[in-house]
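Student: This is the structure I want to talk about, given as structure tokens.
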Amino acid sequence: MMWYFLMSDAFTFGAFLISYGTIRFSSNGWPDPNEVFKSFPFAPEGMNAPLVFVSVMTFILIISSVTMVLAVHAGHNMDKKGVVKYMIMTIIGGAMFLGCQAWEWNHLHHEGAWWGSNPFLNHDGTASSTNFTNYFFTITGFHGFHVFSGVIINIIMLIMTLTDKFEQRGHYLMIEKAGLYWHFVDLVWVFVFTCFYLI
Amino acid sequence: MEHTHTEKHEGGGTKEIWKVTLILTVLTIVELALGFWMMGMPLDSSLRLAVKGAIVILMMVKAFYIVAYFMHLKHEIKNLIMTIVVPLALFVWFIIAFLYDGNSFKNLRNTYDPHYKEQSTIKVEKKEEHKSEEHHSEEHAKPTEEKH
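If you read the sequences in order, they're chains A and B.
Count the first sequence with the working numbering and you get residues 1 to 199, in order.
Count the second sequence with the working numbering and you get residues 1001 to 1148, in order.
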């Protein structure tokens, strides 16, 4: 059933991103992502580091996805210790990603960006509409909410592993299902990252 | 779902996981390199568009590796693969249709709404200059240079 849920989720995200693409294609100008996302935590004011922070976020999510696969793999071998170890690493990765996103949202909010307000000019220096910030906050917010629920699910899985629920059942299939969800979250980030930060 | 998770997916193991991790990392680094390279290009250049296309293709490759190996779809039975992949093929049409629609809306507006076109070509002055000219503060989308 997880696959069917993920299908419906994929269509929701797909609809969001296609709507974003349509609006972007219908606009004469669009803000330059390298101008908007150029800061880094604890960096001096006015430092120009485009793409750096979001690359860190991307790698955090990819690595947490890898540890999730390793947890599923350990579950196949009925290796409880391995599952616990890799689940903890996955949860930490997810929490780090959420922290990064919270910082970025907070930073952009301080610069005056929020739903309905866009302080950034278009790439060619003309006035921009609020479409950019509206889509950015809606889509990354929706994705961040998925990461958040993924972390909660992973924590529940960790507790169930620790209380030997899966040992009693004789299989770790639930870990596999939580893993599917977590990989989907990573998959969506691949698209969000490309659409908002790269192109 | 249980029956789809039988002993079918022995394929790979940890070795395969690390291989896919390496591929994903390399693809991401290539994407970032292209992104940095693209920064210096002029806005309307066709090379910029080509780089964007290349990034989108790399994105699709990454998505394939995540779904096929991390989500194990490649090692599932064929019916499940078809159940997932065939509906997703709808996206091909969605994307083409909607982006084409967006583009044509832009062209229509630029052709038949001269005011809109004019507005979108006006450059906004830098913020520092804004504060000094308070009498223009309310119409900040309009240029001040025309009036001088």
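Ideal Cβ placement from N, Cα and C applies to all residues, glycine included.
From a predicted model like this one, the values you see are computed outputs, not experimental measurements.
1. Quick one: what's got a C-beta closer than 8 Å to T138 (chain A)'s C-beta in the same chain, skipping five residues either side?
2. How big is the Cα-Cα spacing for F1094 (chain B) and V1086 (chain B)?
3. What does N28 (chain A) reach in chain B if we use C-beta pairs closer than 8 Å?
4. Report the partner residues of S117 (chain A) according to the DSSP bridge assignment.
5. Taking 7 Å as the limit between beta carbons, can you name the residues of its chain near G150 (chain A), skipping five residues before and five after?
6. Output needed for L207 (chain A): all residues of its chain with C-beta closer than 6 Å, excluding positions within five of it in sequence on either side, in chain order.
7. Measure how close the beta-carbons of V190 (chain A) and K1062 (chain B) come, nearest whole angstrom, since I'm counting them as under 8 Å.
8. In chain order, what residues of the segment 69-99 of chain A put their CB closer than 7 Å to some CB of chain B?
9. Verify whether the separation of the beta carbon atoms of F145 (chain A) and E104 (chain A) is less than 8 Å.
10. Could you tell me whether the Cβ of N1079 (chain B) comes closer than 8 Å to any Cβ of chain A?
11. Should I1066 (chain B) and E1031 (chain B) be called a contact, given that it needs their Cβ atoms to be closer than 8 Å?
12. Quick check: what's the CA-CA separation for F956 (chain B) versus K165 (chain A)?
13. List the residues of chain B that V66 (chain A) touches, going by C-beta distances under 7 Å, in chain order.
14. Name the chain A residues whose beta carbon is nearer than 8 Å to that of I1055 (chain B)?
15. Could you tell me the distance, in whole angstroms, from the CA atom of I60 (chain A) to the CA atom of L162 (chain A)?
16. Does DSSP put N122 (chain A) in a helix, a strand or coil?
17. Quick one: is T1014 (chain B) near chain A, going by C-beta distance under 8 Å?
18. Rounding to the nearest angstrom, what Cα-Cα distance links H109 (chain A) and D9 (chain A) in this structure?
19. Buried or exposed for I1096 (chain B), going by 16 or more other Cβ atoms inside 10 Å?
20. Under a three-way DSSP split, which group does K1123 (chain B) fall into?
21. CA-CA distance, F193 (chain A) and E1125 (chain B)?
22. Could you tell me which residues DSSP pairs with P31 (chain A) in its beta bridges?
23. Mind listing which residues of the segment 1062-1073 of chain B have their C-beta closer than 9 Å to chain A's C-betas, in chain order?
24. Determine, using beta carbons only, whether V1026 (chain B) comes closer than 8 Å to chain A.
Tutor: Reading off the structure:
1. Setting aside the 5 residues that flank it on each side, T138 (chain A) is surrounded in the same chain by F16 and W115, each with a C-beta closer than 8 Å to its C-beta; the list follows chain order.
2. One C-alpha to the other measures close to 14 Å.
3. Around N28 (chain A), the beta-carbon contacts reaching into chain B at under 8 Å are K1106, N1110, K1117, S1120 and T1121.
4. For S117 (chain A), DSSP records a beta bridge to A:W114.
5. Hits under 7 Å: G94, Y181, W182 and V185.
6. Residue 207 (chain A) falls outside the range modelled here, since chain A spans only 1 to 199, and no answer is possible.
7. Contact between V190 (chain A) and K1062 (chain B) holds: CB atoms are separated by about 5 Å, below the 8 Å threshold.
8. Cβ contacts with chain B come from V69, L70 and H73.
9. No. Outside cutoff.
10. Not an interface residue.
11. Cβ atoms of I1066 (chain B) and E1031 (chain B): not closer than 8 Å.
12. Because chain B spans 1001 through 1148 in this model, residue 956 (chain B) falls outside it and cannot be assessed.
13. Going along chain B in sequence order, the residues near V66 (chain A) (Cβ under 7 Å) are I1017 and T1021.
14. Result: T194, L198 and I199.
15. Computed Cα separation, rounded: 25 Å.
16. N122 (chain A) sits in a strand when the DSSP states are folded into three classes.
17. Closer than 8 Å to some Cβ of chain A, the Cβ of T1014 (chain B) qualifies, so yes.
18. Looking at the two C-alpha atoms, the distance is approximately 28 Å.
19. With fewer than 16 other Cβ atoms inside 10 Å of its own Cβ, I1096 (chain B) counts as exposed.
20. Secondary structure at K1123 (chain B): strand, using DSSP grouped into helix, strand and coil.
21. A straight-line Cα-Cα distance of about 30 Å links F193 (chain A) and E1125 (chain B).
22. Residue pairing for P31 (chain A): DSSP places it in a beta bridge opposite A:N122.
23. Per Cβ criterion, the list reads K1062, A1063, I1066, V1067, Y1069, F1070, M1071, H1072 and L1073.
24. It does not; no Cβ of chain A falls within 8 Å.
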